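Numbering (this note's numbering), first residue to last: 9 to 217.
Positions of the beta carbon are idealized from the N, C-alpha and C atoms, including for glycine.
Owing to the predicted nature of the structure, the values given are computational and were not obtained by experimental measurement.
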Amino acid sequence: MSNRHFAILAAALATIGSLGLARAEPVGSVVAARGEAALERADGRSPAEAGAAVLLNDRATTGDASRLDLKLGAATRLRLGANAVLKVDKFVGKLSARTTLEEGAVLIDRASGAEKSFDLETPYGLLSARGTVFFAGPSRGVFGVFVQKGAVDVVTRSGSVRLTAGEGVDFPPPRVVFLPGLLDAEPSEPSPVTKWGAKRIEEALESVR
Numbered sequence: 009m010s011n012r013h014f015a016i017l018a019a020a021l022a023t024i025g026s027l028g029l030a031r032a033e034p035v036g037s038v039v040a041a042r043g044e045a046a047l048e049r050a051d052g053r054s055p056a057e058a059g060a061a062v063l064l065n066d067r068a069t070t071g072d073a074s075r076l077d078l079k080l081g082a083a084t085r086l087r088l089g090a091n092a093v094l095k096v097d098k099f100v101g102k103l104s105a106r107t108t109l110e111e112g113a114v115l116i117d118r119a120s121g122a123e124k125s126f127d128l129e130t131p132y133g134l135l136s137a138r139g140t141v142f143f144a145g146p147s148r149g150v151f152g153v154f155v156q157k158g159a160v161d162v163v164t165r166s167g168s169v170r171l172t173a174g175e176g177v178d179f180p181p182p183r184v185v186f187l188p189g190l191l192d193a194e195p196s197e198p199s200p201v202t203k204w205g206a207k208r209i210e211e212a213l214e215s216v217r
């Protein structure tokens with residue numbers, strides 16, 4: 009191999025290595041964990057211990073009677089309840105973040121200095137927030153979304169609705185559809201916007217404390 013070819017190969021390998029390091033840059037960290045909590049990524053699964061780095065595409069999980077408190081970026085907190093699964097899909101510092109709640113409940117708390125936009129994908133629809141505190145997860149037999157502070161746009165296939173402080177919507181369980189040779193679940197539509205009572209709010213918050 010000529011010196012010129014060797015130099016080109018070395019430069020290419022260095023570029024690939026630097027891209028790998030960029031992908032591994034932390035986008036957040038574990039603040040606290042209780043019970044069975046873990047971070048899953050391509051190279052395996054590790055306990056979610058206080059101070060552990062959270063990377064892009066990580067999947068945070070909790071078990072029975074467990075809790076997990078994460079910090080994403082400069083000022084976004086994600087508090088997961090029991091039997092929850094949340095994936096970090098996208099993060100652009102100071103600009104935007106996107107996560108997916110696959111199972112369980114989460115409380116999102118975005119303080120001053122957080123990324124300008126934050127989206128939470130759920131099995132029922134997209135929740136788009138701009139500087140707010142909101143809950144999403146199981147509540148009294150349905151999937152509930154409640155805004156404690158600020159505003160959240162709830163986007164579904166039929167349109168969108170904006171929730172403000174004190175308001176919430178419910179999604180009943182998906183309707184099972186039977187077709188010849190096919191069993192499918194049809195996503196449910198949100199209920200009308202309502203004011204949540206103090207007791208229900210406390211129940212929801214307790215599930216992620």
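One or two residues paired with residue i in a DSSP bridge
| i | result |
| --- | --- |
| V78 | Checking the sequence shown, residue 78 turns out to be Leu, not Val. L78 is bridged to V38 and L86. |
| V177 | V153 |
| A137 | F126 and V160 |
| S168 | V163 |
| E111 | V93 |
Start-to-end residues for the alpha helix (DSSP H) that takes in residue i
| i | result |
| --- | --- |
| R208 | A206 to E214 |
Local conformation of residue i per DSSP, three classes
| i | result |
| --- | --- |
| V221 | A query on residue 221 cannot be resolved here, the shown segment of the chain reaching from 9 to 217 and no further. |
| K157 | strand |
| L47 | strand |
| N62 | One detail in the question is off: residue 62 reads as Val in this sequence, not Asn. DSSP places V62 in strand when its eight states are reduced to three. |
| A56 | coil |
| R217 | coil |
| A32 | coil |
Bounding residues of the beta strand (DSSP E) (the contiguous stretch that carries residue i)
| i | result |
| --- | --- |
| E129 | S125 to E129 |
| S196 | Per DSSP, S196 belongs to no beta strand (DSSP E) and is neither H nor E. |
| P230 | This structure gives no information on residue 230, because the portion of the chain shown stretches from 9 to 217. |
| G101 | G101 -> no beta strand (DSSP E), and no H or E assigned at all. |
| R118 | V114 to R118 |
| A68 | R67 to T70 |
7 Å CB neighbourhood of residue i in its chain, flanking five on each side removed
| i | result |
| --- | --- |
| A212 | F143, S147, G152 and F154 |
| D97 | R106, T107 and T108 |
| T140 | R118, V155, K157, G158, A159 and V160 |
Sequence-distant residues of the same chain with beta carbon closer than 6 Å to residue i, five excluded per side
| i | result |
| --- | --- |
| S196 | F179, P180 and P182 |
Touch test, the region 117 to 124 against the region 144 to 152, Cβ-Cβ under 8 Å, three pairs minimum: Because the criterion of three Cβ pairs below 8 Å is not met, the region 117 to 124 and the region 144 to 152 do not touch.
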